[in-house]
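Peer 1:
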Amino acid sequence: MTQPAGIGGRGGTVLAVIWAENFLTLILIGLRFYTRHFIRGKVGWDDYWLIVTWLLMVIFGALTSVGVGHGMGQHYADLTTEQFADGVFYITCAQVIAAFAIGMCKVIVATFLLRIVTATWQRWFLWFCIGSMMLLSLILSIAVFTQCSPVESIWNPLLADKKVCHINLTILAFVDCSYAAFLDFVLAAFPWIALRNLNMKRKERITICISLSLGVFAGICGVIRTSGLNVLNRTDDYLYAVSDNYMWTFTEVSTTIVCVTIGSFRPLWNKLRGHDSSSGGGYQQHNSSGYGGTGPYQLSSYSRSKKSGGKKTNTFTSRSDKDDVEAIAGTMTKTTIKNDSDETILLQGNGNIVRVNEITITYEDTKKEGEASGPIVR
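The UniProt record's numbering applies: residue 1 is where the sequence shown begins, and numbers increase by one.
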């Protein structure tokens, strides 16, 4: 059995980056899930995809950590051939997981955007983004272990004379990573197109679009990662050369998770400040357009007073205490949605019916002999 090389060279830095970011994203996902489930009472598919992505990154981190123990981050001259082969094997396995994790990042963003778009072409475009990205991720993950024969020659330098490669993995990885970075920027720009005709205050629309466009930072990480893919050809010092690329891969996924979670924390922040953001007791807006097939979206309630004909009237209707938006229900219909986070959930599709229930309580002076005065509920 090969003696592990131990942590050395840049291995310690790789471990610190991977597990620090894993811990950070775990906290953010936990807070998002708590906010969505216990405060807003609404958990969507994008929340579950976040958990799946985080689990993939845990596996990626575990495989990379084992690879570090077998020499990743160290120069070839400091390792035995067996240690080098073992290290390359584990980080090669990690590449497969990373390919799917990068793809899942785009699924998370696109799944959320599917909630707010209304045009058919927009929905088809988002589904195309999901399908094409996951297809590329699948192709890349398969190519990792099918690029050369015999398979063991991919990581074992002792089989170099028998190695026959059919696929240039560097080119395929460049295509996959470039497309992933491109989608980061496209999905970041998409809300500005999808919401451009929304009948609401310009300042509110800009705020919403900015909160949905933080994925540009993940795109920047993707560009940096893609620019360093040429190190995959450094077979003479592979374990040392790929250290930066693996850290940037992990950082790209972590940045995506950070960007898609921080916009959902406003209800939690309001609760911590003593402002009730819970949806309990609010009205329900039933969405038959396929909001995700997870049931009604909770709307909050507020009251306002008005006088009519000398009678004091309290009218209750639905409203967000922070962000008033217009729901799209076939045509533009003024309504308000319970969502005091930076995310804006809009009704989708045609033919939806928006119903507002009003309860009017009228106070009249009905004092008569032997009668008590009180409100008349109508």
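From the three backbone atoms N, C-alpha and C, an ideal C-beta is built for every residue, glycine too.
Is the beta carbon of F60 closer than 8 Å to that of I7?
Peer 2: Working through the sequence shown from its first residue, we reach residue 7 at position 7. Working through the sequence shown from its first residue, we reach residue 60 at position 60. Not in contact: I7 and F60 (Cβ atoms no closer than 8 Å).
Peer 1: Could you please give the first and the last residue of the uninterrupted alpha helix (DSSP H) stretch that includes D46?
Peer 2: Taking the first residue of the sequence shown as 1, we reach residue 46 at position 46. From DSSP, the alpha helix (DSSP H) with D46 extends over 45–69.
Peer 1: Taking all protein chains shown into account, do 16 or more other C-beta atoms lie within 10 angstroms of the C-beta of I154, making it buried, or fewer, making it exposed?
Peer 2: Along the sequence shown, one-based indexing puts residue 154 at 154. Classification for I154: buried.
Peer 1: Verify whether the separation of the beta carbon atoms of H70 and Y240 is less than 8 Å.
Peer 2: By one-based count along the sequence shown, residue 70 stands at place 70. By one-based count along the sequence shown, residue 240 stands at place 240. Not in contact: H70 and Y240 (Cβ atoms no closer than 8 Å).
Peer 1: Between the beta-carbon of R225 and the beta-carbon of C177, is there less than 8 Å?
Peer 2: As a working mapping, residue 225 is identified with position 225 in the sequence shown. As a working mapping, residue 177 is identified with position 177 in the sequence shown. Closer than 8 Å, so yes.
Peer 1: What residue does the alpha helix (DSSP H) around W155 start on, and which one ends it?
Peer 2: Counting from one through the sequence shown, the residue named residue 155 turns up at place 155. Note, W155: premise wrong, no alpha helix (DSSP H); not H, not E.
Peer 1: Which residues in the same chain have their Cβ closer than 7 Å to the Cβ of T81, if we skip the five residues on either side of it in sequence?
Peer 2: The residue given as residue 81 occupies position 81 in the sequence shown. Excluding sequence neighbours, T81 sits near P157, L158.
Peer 1: Might you give, ordered along the chain, the residues of its own chain that have their beta carbon closer than 6 Å to the beta carbon of G103, omitting 5 neighbours on each side?
Peer 2: The residue labelled residue 103 in the question sits at position 103 within the sequence shown. Excluding sequence neighbours, G103 sits near M133, M134, S137.
Peer 1: Any idea if R10 is buried or exposed, counting beta-carbon neighbours within 10 angstroms, 16 or more meaning buried?
Peer 2: The sequence position of residue 10 within the sequence shown is 10, counting from 1. By the neighbour-count rule (16 or more Cβ atoms within 10 Å), R10 is buried.
Peer 1: Suppose you measure from the CA of V175 to the CA of G41; what does that come to, to the nearest Å?
Peer 2: The residue you call residue 175 lines up with position 175 of the sequence shown. The residue you call residue 41 lines up with position 41 of the sequence shown. Going from the Cα of V175 to the Cα of G41 covers about 40 Å.
Peer 1: For S149, which of helix, strand or coil comes out of DSSP?
Peer 2: Translated into positions along the sequence shown, residue 149 becomes position 149. Of the three classes helix, strand and coil, the one that applies to S149 here is strand, per DSSP.
Peer 1: Any contact of the region 19–38 with the region 259–272, i.e. 3+ C-beta pairs under 8 Å?
Peer 2: yes
Peer 1: So, are the CB atoms of L113 and F185 less than 8 Å apart?
Peer 2: The residue you call residue 113 lines up with position 113 of the sequence shown. The residue you call residue 185 lines up with position 185 of the sequence shown. Not closer than 8 Å, so no.
Peer 1: Can you list, in chain order, the residues of its chain whose CB lies under 8 Å from that of V151, leaving out five sequence neighbours each side?
Peer 2: Within the sequence shown, the letter at position 151 stands for residue 151. So the list reads F145, once near-sequence residues are dropped.
Peer 1: Pick helix, strand or coil for V117, following the three-state DSSP scheme.
Peer 2: Locating residue 117 in the sequence shown gives position 117, where the first residue counts as 1. Three-state DSSP puts V117 in coil, outside helix and strand.
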